[in-house]
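**Q**
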Amino acid sequence: MERWMTDLCRAMPKVELHLHLDGALLPKTALDLSAARQWRDFEEPLSYRQMYGRLVVPHPLASQEELLSYFEIPGLLLQTEKALRRVTRELIWEKAADHVCYCEIRWAPQLHTAEGLSTRQVVETVLKESAAASRQAGVTVRLIAVGIRTHSLEQNLKMLEEIAPFAGKGLAGVDFAGLEAKAPDALEQEAFFLRARELGFAITLHGGELPGSAPRLAEQIRQLRPARVAHGPGSADDPALCALLREQNVMLDLCPTSNLQAGLYPDYESYPLRKLVEAGVPVSISTDDSVLSGLTLSDEYVNLLQAGQVDFPTLWRLNLDALGHAFLEPEEKTRLLSRLNIWASNLPDLQGNPAELEL
Ligand SMILES: [Zn+2]
14 MERWMTDLCR
24 AMPKVELHLH
34 LDGALLPKTA
44 LDLSAARQWR
54 DFEEPLSYRQ
64 MYGRLVVPHP
74 LASQEELLSY
84 FEIPGLLLQT
94 EKALRRVTRE
104 LIWEKAADHV
114 CYCEIRWAPQ
124 LHTAEGLSTR
134 QVVETVLKES
144 AAASRQAGVT
154 VRLIAVGIRT
164 HSLEQNLKML
174 EEIAPFAGKG
184 LAGVDFAGLE
194 AKAPDALEQE
204 AFFLRARELG
214 FAITLHGGEL
224 PGSAPRLAEQ
234 IRQLRPARVA
244 HGPGSADDPA
254 LCALLREQNV
264 MLDLCPTSNL
274 QAGLYPDYES
284 YPLRKLVEAG
294 VPVSISTDDS
304 VLSGLTLSDE
314 YVNLLQAGQV
324 DFPTLWRLNL
334 DALGHAFLEP
344 EEKTRLLSRL
354 NIWASNLPDL
364 QGNPAELEL
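The numbering used here puts the sequence shown at residues 14 to 372.
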């Protein structure tokens with residue numbers, strides 16, 4: 014890819030909807046946090062290279078299960094307010110450096126309570142730091158709390174009640190994620206989605222990550238009515254599911270590199286982005302885990318351009334669509350849209366009238 018194109022991708026004000034807080038723990042931060050804990054989580058202190066190897070996924074791996082094992086160290090270390098504040102701040106500044114103007118950060122607050130914090134304290138800490146870093150770095154941020162697929166319905170409902178006071182106060186949505194092979198059926202926890210909607214949260218769910226999961230995803234969309242789905246590239250092989258996504262205007266928040274790392278596709282060329290775009294399915298592009306997956310959103314744009322999956326104007330359109338589907342108040346969307354339109358003006362690569370969004 015020529016340098017001017019990578020520069021252009023980097024300069025574009027970008028929208029990123031699918032981003033995990035615990036996949037953003039930087040190796041140096043992990044070293045600092047481990048040292049402060051006297052390395053009690055390890056047999057001996059690790060070097061930067063060793064920590065990097067434990068946090069950044071080489072690809073491909075054999076499975077989603079193997080990919081999820083890279084969350085082990087973040088799970089051990091992100092158990093204090095200080096650690097949560099730091100990872101939140103660093104992720105937002107990393108995004109600012111890559112010219113991401115809006116992002117949604119998700120995490121499961123109940124997984125950060127092993128050393129005494131309550132779910133409520135975890136949410137308060139991340140919300141507060143996110144608001145401060147967002148102001149300083151000039152990135153608009155909304156947060157999403159994740160219910161865990163392998164937790165019981167009671168546990169997930171309890172989490173919802175604890176986060177309820179923060180609905181609409183920076184905490185915009187609820188997701189449902191975890192190891193799909195062990196507990197594939199979100200339908201069994203329908204009450205979780207009903208309650209989340211009742212509390213005013215927007216709904217997304219991780220789904221369609223495994224081969225052959227398309228029929229189940231269709232059923233989940235019909236019954237649970239998420240506004241968006243995290244991943245779901247396998248939908249491309251199922252015309253009826255594509256039609257459903259199109260008709261219900263459900264966006265797939267795709268993360269190609271993460272799926273390659275999980276061994277779902279051999280290379281960027283075989284990733285079904287182009288197929289989904291041609292089928293008219295709403296899609297957005299994200300990194301999933303900036304540190305685990307070892308890339309920025311502009312890197313991912315370049316990967317997709319290089320593989321011939323999209324051209325630059327299509328990337329721009331997907332970026333605008335992502336803003337349209339964001340869990341963000343309409344007036345904020347309008348404000349960001351005018352910022353995007355200003356950037357796109359005088360750029361012959363993106364000819365046409367200023368974009369408008371259906372809000
Ligand atoms: Zn994800």
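The beta carbon of each residue, even a glycine, is placed where N, CA and C say it ideally should be. Please read all numbers here as calculations on a predicted model, not as lab measurements.
Using the Cβ count rule (16 or more neighbours within 10 Å means buried), how would you classify residue 111?
**A** Label assigned to residue 111: buried.
**Q** Using only the alpha-carbon positions, how far apart do residue 330 and residue 268 sit?
**A** Each residue's Cα considered, the two are about 17 Å apart.
**Q** Please indicate yes or no: does the CB of residue 72 lie closer than 7 Å to some heavy atom of ligand 1?
**A** Result no, Cβ not under 7 Å from ligand 1.
**Q** Spatial neighbours of residue 33 within its chain, please: CB distance less than 7 Å, with the 5 preceding and 5 following residues excluded, ordered by chain position.
**A** Here the set comprises 119, 120, 301 and 302.
**Q** Assuming residue 22 and residue 315 are in contact, meaning their beta carbons sit under 8 Å apart, how far apart are those beta carbons, in whole angstroms?
**A** Right, their Cβ atoms sit about 6 Å apart.
**Q** Hey, how far is the Cα of residue 187 from the Cα of residue 209?
**A** Distance between the alpha carbons of residue 187 and residue 209 is about 7 Å.
**Q** Roughly how many whole angstroms lie between the Cα atoms of residue 280 and residue 224?
**A** Using only the alpha carbons, I get a separation of about 16 Å.
**Q** Could you name the residues of the same chain whose beta carbon sits closer than 7 Å to that of residue 76, not counting the 5 residues immediately before and after it, in chain order?
**A** So the list reads 275 and 276, once near-sequence residues are dropped.
**Q** May I ask which residues mark the beginning and end of the alpha helix (DSSP H) holding residue 186?
**A** First-last for residue 186: 184-190, but that is the beta strand (DSSP E), not the alpha helix (DSSP H).
**Q** From residue 348 to residue 370, what distance separates their C-alpha atoms?
**A** C-alpha separation (whole angstroms): 11 Å.
**Q** Of the residues 346, 193, 278 and 27, which one's Cα is nearest the Cα of residue 310?
**A** Measuring from the Cα of residue 310, the nearest candidate turns out to be 27.
**Q** Taking DSSP as the reference, what is the three-state secondary structure of residue 264?
**A** Three-state DSSP puts residue 264 in a strand.
**Q** Kindly indicate the opening and closing residues of the alpha helix (DSSP H) around residue 217.
**A** Per DSSP, residue 217 belongs to no alpha helix (DSSP H); it is in the beta strand (DSSP E), 215-219.
**Q** Output the distance between the C-alpha atoms of residue 160 and residue 293, rounded to the nearest integer angstrom.
**A** Distance between the alpha carbons of residue 160 and residue 293: 29 Å.
**Q** Go to residue 160, then tell me how far its beta strand (DSSP E) extends in each direction, as first and last residue.
**A** 153-161 is the extent of the beta strand (DSSP E) around residue 160.
**Q** Run the CB neighbour count on residue 49, radius 10 Å, all protein chains shown included, and call it buried at 16 or more, exposed below.
**A** So residue 49 counts as exposed.
**Q** From which residue to which residue does the alpha helix (DSSP H) around residue 440 run?
**A** Past the edges of the chain, shown from 14 to 372, lies residue 440, and the structure says nothing about it.
**Q** Who are the near neighbours of residue 135 in its chain, counting only those whose CB is closer than 6 Å to its CB and skipping five residues on each side?
**A** 122 and 125, listed in sequence order.
**Q** Between residue 71 and residue 35, is the Cβ-Cβ spacing less than 8 Å?
**A** Going by C-beta atoms, residue 71 is not nearer than 8 Å to residue 35.
**Q** Between the alpha carbons of residue 237 and residue 203, how many angstroms are there, rounded?
**A** Their backbone Cα atoms lie some 7 Å apart in a straight line.
**Q** Rounded to whole angstroms, what's the CA-CA distance from residue 189 to residue 259? Just pull it up for me.
**A** C-alpha separation (whole angstroms): 22 Å.
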